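Chains as they are written, first to last, in the UniProt record's numbering: chain A, 1 to 121; chain B, 1 to 121.
C-beta: ideal position from N, C-alpha, C; glycine also.
In this text, all values refer to a predicted model and were calculated from it rather than measured experimentally.
Number of protein chains: 2
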Amino acid sequence: MSSRFSSLALDAVNVPLLAGFWTRALDYRVAEELDGGISLAPRNGFLGPPLDIFPVPEPKTAKNRLHLDLVPDGCTQEEEVERLLALGAVLADVGQGPDVSWVVMADPEGNEFCILSGRTE
Amino acid sequence: MSSRFSSLALDAVNVPLLAGFWTRALDYRVAEELDGGISLAPRNGFLGPPLDIFPVPEPKTAKNRLHLDLVPDGCTQEEEVERLLALGAVLADVGQGPDVSWVVMADPEGNEFCILSGRTE
Chain A
1 MSSRFSSLAL DAVNVPLLAG FWTRALDYRV AEELDGGISL APRNGFLGPP LDIFPVPEPK
61 TAKNRLHLDL VPDGCTQEEE VERLLALGAV LADVGQGPDV SWVVMADPEG NEFCILSGRT
121 E
Chain B
1 MSSRFSSLAL DAVNVPLLAG FWTRALDYRV AEELDGGISL APRNGFLGPP LDIFPVPEPK
61 TAKNRLHLDL VPDGCTQEEE VERLLALGAV LADVGQGPDV SWVVMADPEG NEFCILSGRT
121 E
């Protein structure tokens, strides 16, 4: 007996805003809307964790201890960073220093995530 | 072009402590140890996101905006909660109220996660 991973849950003050961002960022689809939340899932035939975005009243106040690491798919790291900036992400400084191979970004509510270089793929 | 999910990254003050907890909680295996971090992955033939646990100096100060939702596998929700408590998890109050179907817990460094009822599985 153990626990099996079911999904990721993301708090949001503005659920549609984050659902829109993450749908486009990950090329996901809206799987369900329930009780003010929006559940996202990979498109048919693709792998990735379901992402359930739930409303909370309070804004983000500290760096998340848990974050997503992503790899560019069909483009370079630089191109993907530019695309995500255009979608509403921002570059984030979590003290990572100038010499790391990944780019730290944050979604429109400040949730940090990283774009890996993909060089080891 | 888009971003493809690669892995989850979890900050830890005590990397071996959290790696041990999450290995047992999810029945994962240690996939790699690098630069003080420990990467966990599902055992062969099982699905689930890779979980990379990285050292950070600062302890957790606020509720995580992103958390894992888990379902009991091979046992009831109550049995799984008891098992996780024995592994070092604690029950957590994030204001969820008494009538929800899930149980909110936190790992040994306070990272919240939920055990779903599994009734809809």
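- Item | Chain-ordered neighbours of A/N64 on chain B, where CB pairs are closer than 7 Å | N64, R65 and L66
- How far does the alpha helix (DSSP H) with A/V15 in it reach, from first residue to last? V15 to L26
- Backbone secondary structure at B/E58 - three-state DSSP: coil
- Query: Are there 16 or more other CB atoms within 10 angstroms of the CB of A/L18, so buried, or fewer, so exposed?
  - Reply: Answer is buried; the Cβ neighbour count reaches 16.
- Task: Answer yes or no: do B/A86 and B/A106 have a C-beta to C-beta separation smaller than 8 Å?
- Result: Inclusion of B/A86 and B/A106 in the CB contact set at 8 Å is not warranted, their separation being larger than that value.
- Message: For the pair the region 51-67 of chain B and the region 9-16 of chain B, tell me if three or more CB-CB distances fall below 8 Å.
- Response: Verdict: yes, contact present.
- Consult DSSP for B/E109 and reduce its assignment to one of helix, strand or coil. Reduced to three states, the DSSP call for B/E109 is coil.
- Closer than 8 Å, Cβ to Cβ, to anything on chain B: give me those residues from the region 77-101 of chain A, in chain order. E79, E80, R83 and L84
- Thinking C-alpha only, which one of A/G97, A/V81, A/D93 and A/D99 is nearest B/R4? The shortest C-alpha separation from B/R4 is found at A/V81.
- Query: Along the chain, which unbroken stretches of the alpha helix (DSSP H) at least 4 residues long are found entirely within the region 55-102 of chain B?
  - Reply: 77-87
- Give the residues of chain A in contact with B/I115, contact being defined as C-beta atoms less than 9 Å apart. S3
- 8 Å Cβ cut-off: residues of chain A touching B/D52: D69
- Residues of the region 12-25 of chain B with Cβ closer than 7 Å to any Cβ of chain A, in chain order: From the region 12-25 of chain B, only A25 have a Cβ closer than 7 Å to chain A.
- Can you find a CB in chain A that lies within less than 8 Å of the CB of B/G45? no
- Alpha carbon to alpha carbon, what distance is there between A/V104 and A/A92? Near 5 Å, if we compare the C-alpha coordinates of A/V104 and A/A92.
- Query: Which residues bound the beta strand (DSSP E) around B/S3?
  - Reply: S2 to A12
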